[in-house]
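Working notes, structure below.
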Amino acid sequence: MNVLEDKLKQKDIQRFRDDLISWFEREQRVLPWREDQDPYKVWVSEVMLQQTRVETVIPYFLRFVEQFPTVEALADADEEKVLKAWEGLGYYSRVRNLQSAVKEVKQEYGGIVPPDEKDFGGLKGVGPYTKGAVLSIAYNKPIPAVDGNVMRVMSRILSIWDDIAKPKTRTIFEDAIRAFISKEKPSEFNQGLMELGALICTPKSPSCLLCPVQKHCSAFEEGTERELPVKSKKKKPGIKTMAAIVLTDEDGQVYIHKRPSKGLLANLWEFPNLETQKGIKTEREQLTAFLENECGIQADISDLQGVVEHVFTHLVWNISVFFGKVKQVSDTSELKKVTKEELEQFAFPVSHQKIWKMAEEAAASPAAP
DNA sequence: AATCCGGGGAA
DNA sequence: TTCCCAGGATT
């Protein structure tokens with residue numbers, strides 16, 4: 423009995439595989455990282471695509487693999503240049519981990535991206551998803567690659583109502599995929615699921631009438647496709663009030679600061695700034711004290727020039743922006759002084775790009791008399 | 001298990 | 001506004 427049941431199930435699974443893969447081979451988008459199967463380039467694309475849309479990634483990918491075409495090129499590159507190439511893409515630890523991992527590949531694996539699951543999965547920044555994606559696409563290994571797309575698609579196909587926000591739930595989908603994945607075409611199977619999630623089986627209103635695996639879908643059969651997947655909500659982000667200042671001297675040089683090597687926006691550059699407290703003192707007074715005590719700088723500080731709001735996933739910055747002229751600098755100041763031209767060589771978070779844009783616009787059209 | 005870590009586009 | 005996107009590390 424069990425054998426017969428299993429045979430029927432295997433037959434259904436085989437049909438699902440064939441329908442999915444033939445659809446993918448027919449309908450897949452033309453994307454830069456699909457031009458070849460270079461494991462390094464597949465890897466770069468997968469890291470960029472973490473929590474980031476395809477359209478956003480394309481121009482970054484093209485520039486990145488041109489600038490750093492091989493494992494060795496990236497391993498030997500200056501971190502400042504690598505961060506600059508990532509500027510604006512977000513989650514900057516991704517690229518710092520990638521460069522660290524690529525150095526290890528150069529050292530320990532002779533520059534060859536290791537095809538072994540344990541070896542590759544042990545590299546920095548390579549989690550369960552990236553491991554499965556890179557090894558299945560580049561080396562044709564039948565390993566699950568479960569991302570948000572796959573959980574959405576499979577929750578509907580199999581009518582799985584577990585909360586996909588819970589870490590443990592991912593393993594349920596990995597087990598399901600191990601039973602479903604094609605041993606002949608694991609690359610097309612994994613990419614097919616993700617492509618389906620991106621093009622057809624979308625979050626809000628899936629195009630079930632166009633779906634190549636509609637006849638295999640429990641949610642479609644039950645009319646529950648809009649209720650799946652189940653995902654609990656996250657709490658709202660907190661708000662931080664900040665003050666930042668674009669400081670220049672008589673020569674027009676600008677003062678910038680490198681952020682710490684850990685935590686938010688690690689190793690990126692910024693304009694001098696502090697978190698401000700409400701009440702007691704004005705923002706200007708807090709900024710003056712900060713510059714003198716923490717930066718060893720005395721300066722003439724302008725009136726408030728405007729407020730930059732920047733929203734992170736878990737945090738909102740409200741940054742009051744000031745301009746200032748430096749009067750005196752102690753030799754212990756940790757700030758770096760650069761020309762406006764040199765400024766472009768440094769990687770800034772988008773919030774501080776907004777601040778610099780304010781300064782440039784103010785310089786281009788000086789306040790009316 | 002919960003939190004941290006960016007930024008942008010779609011609904 | 002809200003969601004969530006080809007997630008991973010840290011605590």
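For the first sequence, our numbering assigns the number 423 to the initial residue and increments by one for each residue that follows. Ideal placement from N, C-alpha and C gives every residue a C-beta, glycine not left out. Predicted model only: the values in this text are computed from it and were never measured.
According to DSSP, simplified to helix, strand and coil, what is A666?
strand
Output the distance between the C-alpha atoms of G547 and A688, rounded to the nearest integer angstrom.
Approximately 15 Å, taken between the alpha carbons.
Can we say the stretch 628-641 touches the stretch 707-720, given the rule of at least three CB pairs closer than 8 Å?
no
Where E764 sits in the DSSP three-state scheme:
Secondary structure at E764: helix, using DSSP grouped into helix, strand and coil.
Hey, how far is the Cα of D555 from the Cα of P566?
For clarity, residue 555 is Ala in the given sequence; the question names Asp instead. Approximately 7 Å between the Cα atoms of the pair.
Kindly indicate which three-state DSSP category H732 falls into: helix, strand or coil?
strand
Short of 6 Å in beta carbon distance, which residues of its chain neighbour A666, apart from the five on each side in sequence? Order them along the chain.
F693, N695, I741, V743 and I777
What is the C-beta distance between K553 and E539, in whole angstroms, given that I count them as a contact (C-beta under 8 Å)?
7 Å
Identify every residue that forms a DSSP beta bridge with G746.
L669 and I723
How is G619 classed by DSSP in three states: helix, strand or coil?
In the displayed model, G619 falls within a helix according to three-state DSSP.
Of the residues A523, V476, S444 and A495, which one's Cα is nearest the Cα of R456?
For the residues A523, V476, S444 and A495, the minimum Cα distance to R456 belongs to V476.
Assign Y514 to one of three DSSP states: helix, strand, or coil.
coil
Below 8 Å CB to CB, which residues in the same chain sit around V527 once its five sequence neighbours on both sides are set aside?
V493, A497, G533, I534, V535, P536 and L545
Pull up the distance between the alpha-carbon of E509 and that of D428, whole angstroms please.
51 Å
For L399, I'd like the list of residues in its chain whose CB is within less than 8 Å of its CB, leaving aside the five on either flank, ordered along the chain.
Because the chain here runs from 423 to 791, residue 399 falls outside it and cannot be looked at.
Selected residue, minimal CA-CA separation from K563, among G660, E606, W583 and S581:
Of the candidates G660, E606, W583 and S581, the one whose C-alpha sits nearest the C-alpha of K563 is E606.
Please classify A560: is it buried, with 16 or more other beta-carbons within 10 angstroms of its beta-carbon, or exposed?
buried
For E468, three-class secondary structure by DSSP
Residue state, collapsed to three classes: helix.
In the DSSP assignment, what are the bridge partners of W691?
BP columns for W691 point to K680.
How many angstroms separate the CA atom of A721 from the CA atom of S752?
12 Å
Quick check on this structure: which residue in R451, P651 and V668 has the alpha carbon closest to the alpha carbon of R578?
P651
Terminal residues of the continuous alpha helix (DSSP H) containing F486?
Counting along the chain, the alpha helix (DSSP H) containing F486 begins and ends at V476 to Q489.
Please confirm if the stretch 568-576 is in contact with the stretch 586-597, defined as three or more CB-CB distances below 8 Å between the two stretches.
yes
Could you work out which residue in L505, K759, R448 and I702 is closest to T670 when comparing CA atoms only?
K759
Let me make sure I understand the geometry here. Which of Y677, T663, F734 and P682 has the alpha-carbon closest to that of G701?
T663
On a Cα-Cα basis, can you pick out the residue from F712, G746 and L713 that is closest to L726?
It is G746 whose Cα lies nearest to the Cα of L726.
Under the rule that 16 or more other beta-carbon atoms within 10 Å means buried, what is E488, buried or exposed?
exposed
Using only alpha-carbon positions, find the residue among S581, I582, R485 and S604 that is nearest to L442.
S604
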